[in-house]
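The next block holds one structure in the form of structure tokens; read it before the comments.
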């Protein structure tokens, strides 16, 4: 996600260097920094480094990432050089904000600061070519979290000030991230207009509310996130921006469908509020066989529930699952979108989707009520998903593999065949086996949906996924949670087309276990070590890289820890050369690949205010059908021991156990 932290700080740098303002009434100047800071050169330097560091990570700029890690430690020490205590406190706040930015979305109170949101929006307009702004059509909507309504009004007025011809807004400001991508790609206005981009207001799966998170990103005309060239330019703009353009317009009623027209600075300016679900539902109906899914959902043998976690998916759930597919309305859980997500954490996993997990029979307490056959959940902006069967959890890695293996026969959109498949590097290699067996093109990419988008735009990839509950296809250029649910319902409908009237139901668990019997099982887990001392984490990663130079030594260590673990045959730091644009992404994770197909992956997610987070991915491949039904943690125990021993995890970090196990 592209954020505007660097823009906010850039406004202060610009104010220090360029205090003059324009007399144009469309221009609003930024406030200058408090004059009590006498050491302005130090402030500018501190802020400039802060901006660069923040942007290096937030905008995924490869050239600055390596510099960021080494440079920040130096500037951390320079905080103590400030002679003025007020300045020292200000500089330290920059330090703390950088870390907050790297690890999570900003809180609402940060976005409410003067010129904060405006800075990012104007810097984005300035980064786009004139034809994508002046006279253009833009989409502005999001997941409905707190501050979205205010932000929409601000962006509408700035769009008018920058010469945009029209703005499309989902009713009540609601559009899921995948729906925004669909609207950009599919929607045609009554006058033939098409959107050239969108501001999406979301902080993804993070909490919402007055004291919680808010975020913003820009998507391009292909429906996908802005590429690095654009985000780099946004970053550069934020360092020099002096003013933003806006129009003095009244607020638009975004609760009522219709068109509101104004006389803007460059002629007529329209704001069209449209139904949030129609375009997306139309696209889903062109992909899936709704009639076959409807037969499944209407069968007394099949029960279903869907939890939107009070996110924007609720704006689509009733329309799709109840009105189109005939599910009972009682099967919908938490499907009323709320600004604070009902006080919950809208992250679809076994930890935060507690109500769904309990209903599906996976909670800590046993219930006498029989669980539904199928359950699913979405995150705040509906691009992530979790799939559950009765008392059975489907891992995201298994989910994308199973969808790919069954797509051609179960989903009409793919009936002509798959162009190829792709996964993020940390995701289990189950998809690799499916691709090999089905003779499909396969791609392993760094974490980040833009890499999938490049492949899709080139016609090389049909289905893709990542271990962090993201699954999607080339129908749009974002991951799509509801699409994944419909894909699973399509597979279930296909597998049960002959036995809904009689015979035993093929369940989610049956499908997964049959998949394991055919392709083998990839036992998989992730260990997160949070707030580890940054220096110790860096030393651990350096040690693992150095160790890779001698596989003989590696295998001696492995056999000394567990003699029943396979031999390491390859070790490297993952590097990806994009086959489309030739760009190279380095240092994407340290890998140890074993002879039997197992893997260990170590990634340093970044430095936090209290340290670093080390992510350890452990994958054990088992192709013997008689051994694919074991408990995951039991099956992985030997490889876990090897991972911890090989990395000297406790020796480097002082931790005897991870913070989180997924």
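Numbering (the working numbering), first residue to last: 5 to 666. All C-beta atoms in this analysis are idealised placements derived from N, C-alpha and C, irrespective of residue type, glycine included.
In this structure, the alpha-carbon of residue 450 lies about 22 angstroms from that of residue 220.
Rounded to the nearest angstrom, the gap between the Cα atoms of residue 195 and residue 155 is 27 angstroms.
An exposed status is given to residue 244, since fewer than 16 other beta-carbon atoms sit within 10 Å of its beta-carbon.
Contact between residue 163 and residue 179 is absent: CB atoms are separated by about 16 angstroms, not below the 8 angstroms threshold.
The C-alpha of residue 366 lies about 33 angstroms from the C-alpha of residue 456.
By the neighbour-count criterion, in which 16 or more other beta carbons inside 10 Å mark a residue as buried, residue 395 falls on the exposed side. Within the same chain, 519 come within 6 angstroms of residue 406 by CB-CB distance, once the 5 residues on both sides are set aside.
Contact check for residue 225 and residue 283: beta-carbon distance about 16 angstroms, past the 8 angstroms limit, so the pair fails to qualify. Exclusion of the five residues before and after residue 569 leaves 562, 642, 643 and 646 as the residues of its chain whose Cβ lies within less than 7 angstroms of its Cβ. Restricting attention to beta strand (DSSP E) runs no shorter than 3 residues, the segment 452-537 encloses them at 467-470, 474-477 and 525-536, ordered along the chain. In the DSSP assignment, residue 223 is bridged to 202 and 229. Just so you know, the alpha carbons of residue 350 and residue 185 end up roughly 21 angstroms apart.
Excluding five sequence positions before and after residue 277, the CB atoms of its chain that fall closer than 7 angstroms to its own CB belong to 173, 175, 258, 260, 261 and 262, given in chain order. Contact between the segment 135-153 and the segment 203-210 is established, with three or more Cβ pairs separated by less than 8 angstroms. According to the DSSP assignment, residue 616 belongs to the beta strand (DSSP E) that extends over 615-626.
Exposed is the label assigned to residue 574, since fewer than 16 other Cβ atoms lie within 10 Å of its Cβ. Residue 399 sits in coil when the DSSP states are folded into three classes, being neither helix nor strand. Residue 551 places its beta carbon less than 8 angstroms from that of residue 557. Counting along the chain, the unbroken alpha helix (DSSP H) around residue 127 starts and ends at 120-131. In this structure, DSSP gives residue 169 a state outside helix and strand, which the three-state scheme calls coil.
When only Cα atoms are considered, residue 601 and residue 631 end up about 15 angstroms apart. Three or more beta-carbon pairs separated by less than 8 angstroms link the segment 336-346 to the segment 304-323, which places the two stretches in contact. Its chain contains 410 and 414 as the residues whose beta carbon lies nearer than 6 angstroms to that of residue 495, once the 5 sequence neighbours on both sides are disregarded; these appear in chain order.
Residue 625 and residue 651 have their C-alpha atoms spaced approximately 21 angstroms apart. Within the same chain, and ignoring the five residues on either side of residue 521 in sequence, the residues whose Cβ sits closer than 8 angstroms to its Cβ are 629 and 632.
Counting the other Cβ atoms within 10 Å of the Cβ of residue 216 gives 16 or more, which makes it buried.
In the structure shown, residue 210 falls within a coil segment according to DSSP collapsed to helix, strand and coil. Shortest Cα-Cα distance from residue 509 to any of 307, 229, 571 and 193 involves 307. When rounded, the separation of the alpha-carbon atoms in residue 188 and residue 201 is 7 angstroms. Comparing alpha carbon positions, the residue from 560, 242, 206 and 140 closest to residue 130 is 242. For residue 575, there is no enclosing alpha helix (DSSP H); the enclosing beta strand (DSSP E) has its first and last residue at 572-577. DSSP places residue 332 in the coil class of the three-state scheme, outside both helix and strand.
For residue 442, the closest of 462, 512, 421 and 452 by C-alpha to C-alpha distance is 421. Proximity of the segment 484-504 to the segment 380-394 meets the contact definition, three or more beta-carbon pairs being nearer than 8 angstroms.
Annotated three-state conformation of residue 415 is coil, per DSSP. The C-beta separation of residue 167 from residue 145 comes to about 21 angstroms, leaving the pair out of contact by the 8 angstroms criterion.
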